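Asks: Sharing a structure here in C-alpha cells format.
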Amino acid sequence: MTIIIDQPELGSQPEKLSSETNELVLDGGFPVPKDGFMAPEINSFGNSFRDYDAKSERQKTVEEFYRINHINQTYDFVKQMREAYGKLDRVEMSIWECCELLNDVIDDSDPDLDEPQIEHLLQTAEAIRKDYPNEDWLHLTGLIHDLGKVLLHPSFGELPQWAVVGDTFPLGCAFDEANVHHKYFKENPDYNNPDYSTKNGIYSEGCGLDNVMISWGHDDYMYLVAKENKTTLPPAALFVIRYHSFYRKLFWIKTTSRYVELLI
Numbered sequence: 192m193t194i195i196i197d198q199p200e201l202g203s204q205p206e207k208l209s210s211e212t213n214e215l216v217l218d219g220g221f222p223v224p225k226d227g228f229m230a231p232e233i234n235s236f237g238n239s240f241r242d243y244d245a246k247s248e249r250q251k252t253v254e255e256f257y258r259i260n261h262i263n264q265t266y267d268f269v270k271q272m273r274e275a276y277g278k279l280d281r282v283e284m285s286i287w288e289c290c291e292l293l294n295d296v297i298d299d300s301d302p303d304l305d306e307p308q309i310e311h312l313l314q315t316a317e318a319i320r321k322d323y324p325n326e327d328w329l330h331l332t333g334l335i336h337d338l339g340k341v342l343l344h345p346s347f348g349e350l351p352q353w354a355v356v357g358d359t360f361p362l363g364c365a366f367d368e369a370n371v372h373h374k375y376f377k378e379n380p381d382y383n384n385p386d387y388s389t390k391n392g393i394y395s396e397g398c399g400l401d402n403v404m405i406s407w408g409h410d411d412y413m414y415l416v417a418k419e420n421k422t423t424l425p426p427a428a429l430f431v432i433r434y435h436s437f438y439r440k441l442f443w444i445k446t447t448s449r450y451v452e453l454l455i
C-alpha cells in the first residue's frame with residue numbers, strides 16, 4: 192500500500208527541556224513526564240479499561256480471538272508476513288479512502304469497543320487534539336495509528352483477525368505471563384522450541400525493540416507503510432504506530448510504554 196498525504200506543516204514544537212526539569216523529550220519535541228502519565232482507571236462509560244476477565248457479551252469473542260492468535264503467531268509466520276507485506280505492492284490510496292475501508296471493521300480483540308474502527312480513529316485524533324492542540328503531528332498519528340487494520344480487507348489479502356489486531360508480544364523468546372490469556376501459548380509451536388523458550392531467547396539483554404521480532408499485525412504493517420514511504424512524521428510518531436499494542440510488558444523503556452498506553 193502507498194499512502195498519499197498532502198503533508199501540512201508540522202505544528203509548533205516545544206523547546207528542548209533542560210536536565211533540571213522533571214520531563215523527558217521524545218524525538219519530535221513531545222514532552223513526557225519522567226514518572227510517566229497517570230492513566231485513568233475508568234473510561235467515559237464508567238467501565239475499567241482492558242478488563243479481559245469481566246463477564247460481558249464480548250468476553251467469549253475476545254478470549255476465542257486470543258486463543259487462535261496465541262497458537263498461530265510464530266516467529267516464522269511473522270518473518271513471512273514482514274517479507275510479503277514489506278513489498279507494499281497491494282493498493283495505492285489516500286488516507287481518507289483508507290479510513291473509509293474501516294467503516295465496517297469491528298475489532299474482535301477489544302473488550303471495550305464494538306464500534307466501527309473509523310469511529311475509533313476519529314475519536315482518538317480528536318481526543319489528542321483537545322489535550323495537545325498545537326501538536327499537529329500527534330493529531331495525525333492518532334488518526335492513522337490503526338489504519339493497518341485494512342489488512343482485513345480483500346484488497347490487502349483479507350487476513351484473519353488473529354493476524355491483524357490484538358495485543359502484540361515478542362517472538363523468539365519465552366512468552367511472558369503478563370500477556371493476556373497466556374495459557375493459550377502452550378499450543379504455539381514456538382512454546383517448546385529450546386531456542387525460543389528462555390527469558391531472552393535469541394536476543395541479548397537490552398538489545399532494544401528495533402532488534403526484536405514482534406507478533407504480526409496492523410501496528411507493524413502501518414509502521415512499514417509510513418517508513419518505506421518516507422513519512423515526514425517524527426520518530427516518536429513511528430514508535431507510537433509500531434508499538435501502540437505492545438504495552439503489557441515494555442521492560443526496555445518503561446516511561447515511553449506508559450506514554451503509548453495512555454495514548455491509545
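Take the sequence shown: its letters are residues 192 to 455, numbered as in our numbering. Positions of the beta carbon are idealized from the N, C-alpha and C atoms, including for glycine. Only a predicted model underlies this, so the values are computations on that prediction, with no experimental measurement involved.
#1: Tell me which same chain residues have a C-beta within less than 6 Å of the C-beta of F347, skipping the five on either side of it?
#2: Report the rounded CA-to-CA distance for I393 versus N383, giving the unit in angstroms.
#3: Using only the alpha-carbon positions, how far apart do H261 and A354 sit?
#4: Using 8 Å for Cβ pairs, my map puts N285 next to G357. What's the rounded Cβ distance?
#5: Could you pull the start and end residues of the beta strand (DSSP E) that E283 belongs to?
#6: Of all the options A428, H330 and V416, which has the alpha carbon lying nearest to the alpha carbon of K278?
#7: Is there contact here, the segment 259-275 with the segment 357-377, by at least three beta-carbon pairs under 8 Å?
#8: Leaving aside the five residues before and after R433 along the sequence, list all residues of the same chain whose C-beta is less than 7 Å from its C-beta, in chain order.
#9: For G333 and T315, which I take to be in contact (beta-carbon distance under 8 Å), what is that distance rounded to the nearest angstrom?
#10: Tell me the DSSP secondary structure of P380 in three-state form.
#11: Bridge partners for I405 per DSSP, in chain order?
#12: CB-CB under 6 Å to F366, same chain, minus the five flanking residues each way: which ones, in chain order?
#13: For Y266 versus L362, is the C-beta spacing smaller than 8 Å?
#14: Nearest to Y387 by alpha carbon, out of C398, E274 and M404?
#15: Cβ of V296 versus every heavy atom of the ligand FAD: is any distance shorter than 7 Å?
#16: On the three-state DSSP scale, how would you describe A428?
#17: Start and end of the alpha helix (DSSP H) containing I262?
#18: Can you check whether the CB of I319 is closer than 8 Å to the CB of P307?
#19: Please confirm whether L293 and L312 have their CB atoms less than 8 Å apart.
#20: Does F437 come out as helix, strand or coil in the three-state DSSP assignment?
#21: Is it the case that the Cβ atoms of K418 and L429 are separated by a distance below 8 Å?
#22: Consult DSSP for D267 and reduce its assignment to one of helix, strand or coil.
Replies: Well, looking at it:
#1: Excluding residues up to 5 positions away in sequence, R281 and V341 lie with their Cβ nearer than 6 Å to the Cβ of F347 in the same chain.
#2: I393 and N383 have their C-alpha atoms roughly 14 Å apart.
#3: Rounded to whole angstroms, H261 to A354 spans 10 Å at the Cα level.
#4: First, the residue type needs correcting, since residue 285 is Ser and not Asn in the sequence shown. With a beta-carbon spacing of about 27 Å, S285 and G357 fall beyond the 8 Å limit used to define contacts.
#5: Annotation: the continuous beta strand (DSSP E) that includes E283 extends over E283 to S285.
#6: Of the listed residues, the one whose Cα sits closest to K278 is V416.
#7: Counting Cβ pairs under 8 Å, three or more are found: they touch.
#8: Cβ neighbours of R433 within its own chain (closer than 7 Å, five residues either side excluded): D410, D411 and Y414.
#9: Contact holds; Cβ gap of about 4 Å.
#10: If DSSP states are grouped into helix, strand and coil, P380 belongs with coil.
#11: The partner list for I405 (beta bridge, DSSP) reads P361.
#12: The beta carbon of F366 sits closer than 6 Å to the beta carbons of F376 from its chain, once the five residues preceding and following it are set aside; these are given in chain order.
#13: In this structure, the beta-carbon distance from Y266 to L362 falls below 8 Å.
#14: With respect to the C-alpha of Y387, the residue from C398, E274 and M404 having the closest C-alpha is M404.
#15: Questions concerning the ligand FAD fall outside what the structure shown contains, since it holds no ligand whatsoever.
#16: Residue state, collapsed to three classes: helix.
#17: The continuous alpha helix (DSSP H) containing I262 extends over residues Q250 to N263.
#18: Going by C-beta atoms, P307 is not nearer than 8 Å to I319.
#19: Yes, these two residues count as a Cβ contact at 8 Å.
#20: In the structure shown, the three-state DSSP call for F437 is coil.
#21: The answer is yes: Cβ separation under 8 Å.
#22: In the displayed model, D267 falls within a helix according to three-state DSSP.
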